[in-house]
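A short worksheet on the structure shown next.
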Amino acid sequence: MKEKRVLNHGRIRLVEQMGGDGAVVRAARRCWRSVSKGDASDHRLLVHLLKHNHGTPFEHAVFTFDIKCPLFVARQWFRHRVASYNEVSLRYCVAEKEYYVPDDLEPEGRITYDRTIRQAFEVYDRFLAEGVRKEIARAVLPLALYTEFYWTINVRSLMNFLHLRLAPGAQHEIRVYAQALLEILEETMPVTAKCFQENALNPQVPSREDGP
Ligand SMILES: Cc1cc2nc3c(=O)[nH]c(=O)nc-3n(C[C@H](O)[C@H](O)[C@H](O)COP(=O)(O)OP(=O)(O)OC[C@H]3O[C@@H](n4cnc5c(N)ncnc54)[C@H](O)[C@@H]3O)c2cc1C
141 MKEKRVLNHG RIRLVEQMGG DGAVVRAARR CWRSVSKGDA SDHRLLVHLL
191 KHNHGTPFEH AVFTFDIKCP LFVARQWFRH RVASYNEVSL RYCVAEKEYY
241 VPDDLEPEGR ITYDRTIRQA FEVYDRFLAE GVRKEIARAV LPLALYTEFY
291 WTINVRSLMN FLHLRLAPGA QHEIRVYAQA LLEILEETMP VTAKCFQENA
341 LNPQVPSRED GP
């Protein structure tokens, strides 16, 4: 099983894959009642599809990933609606005390950061010990807390995610996840990944994110 470590405690694990470069080519060639005509021709076909926004053949390749990322990254991630999500529930599970630490905090800022998060964890534990429901106690937890979710996505939608989240204007912490996803795409669908990088990866997207 492919796994990429991301940030201090995060990861992307490839759980399952359906289809690959061949599935995209087969689906596209169905339009002309034809079959694969060799690597060079298939490569040209994929370039043609990407250049002309003929996206549906890429929907025949699907990945399921097991993602672990900070809550504030998940908040941005879940804006991508064309995918399926199942996330660990802090109504039913006790939170694990793993949190993201940025590596560019000044020493004094780092002390404040750790202290604030530990205090939140102490209050959370105390609430649980006093019988406060998990679904309420979780409200004191920090956005730096890691969450985990299954993410099933077809490659058309994955390329949209990569296009938006690899761009320089995307936040660093989600860009590193997008980079790890691109590496998995390169390892599992090398022709699609190459065509995507050469023809569709356009960094001209919004330069800042004020909202989620
Ligand atoms: C750098 C950056 C900054 C951002 N800043 C903000 C911000 O400040 N505030 C904020 O709220 N969000 C912000 N976002 C989130 C952004 O608006 C999108 O919600 C997110 O990127 C998901 O993109 P998407 O809609 O293309 O993806 P998906 O939801 O996966 O949709 C994929 C595609 O399906 C189609 N589609 C899906 N749903 C609909 C629909 N209802 N109607 C029509 N077509 C649909 C569209 O073609 C869409 O591109 C930001 C994103 C980025 C990358």
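Quick note: to get the working numbering, add 140 to the position in the sequence shown (first position is 1). Every residue gets a Cβ at the ideal spot worked out from N, C-alpha and C, and that includes glycine. If you're wondering where the values come from, they're calculated on a predicted model, not measured in any experiment.
Item: Quick one: is the Cβ of Gly249 within less than 8 angstroms of any heavy atom of ligand 1?; Value: no
Item: Using 8 angstroms as the cut-off, can you tell me whether the stretch 193-202 makes contact with the stretch 161-175, which would need three or more C-beta pairs spanning the two stretches below that distance?; Value: yes
Item: Is Leu302 near ligand 1, with its Cβ less than 8 angstroms from a heavy atom?; Value: no
Item: Helix, strand or coil for Arg184, going by three-state DSSP, please let me know.; Value: helix
Item: Beta strand (DSSP E) containing Pro210: first to last residue?; Value: Val202 to Pro210
Item: Assuming contact is defined by CB atoms lying nearer than 9 angstroms, are Leu127 and Glu313 in contact in what I supplied?; Value: There is no way to answer for residue 127, as the model of the chain reaches only from 141 to 352.
Item: Entirely within the stretch 258-325 and at least 4 residues each: give me those alpha helix (DSSP H) ranges in chain order.; Value: 274-277 and 295-305
Item: Give me the DSSP bridge partner(s) of Glu156.; Value: Thr204
Item: For a test of your reading of the model: does the CB of His149 fall under 8 angstroms from any non-hydrogen atom of ligand 1? Yes or no.; Value: no
Item: Could you say which of Lys191, Asp161, Trp172 and Asn193 lies nearest to Asp182 if we only look at CA atoms?; Value: Asp161
Item: Taking the C-alpha atoms as reference points, what is the distance between His303 and Val272?; Value: 43 angstroms
Item: Tell me whether Tyr253 sits in a helix, a strand or coil according to DSSP, three-state version.; Value: helix
Item: Alpha carbon to alpha carbon, how far is His192 from Leu186?; Value: 10 angstroms
Item: Regarding His183 and ligand 1, is the C-beta to nearest heavy atom distance less than 8 angstroms?; Value: no
Item: Work out the CA separation of Gln319 and Pro308 for me, nearest whole Å.; Value: 12 angstroms
Item: Can you give me the C-alpha to C-alpha distance between Asn294 and Phe203, rounded to a whole angstrom?; Value: 6 angstroms
Item: How many angstroms separate the CA atom of Gly159 from the CA atom of Arg145?; Value: 24 angstroms
Item: Our contact map puts Tyr290 next to Lys208 with C-beta atoms below 8 angstroms; I'd like the distance itself, whole angstroms only.; Value: Not confirmed; about 11 angstroms, so no contact.
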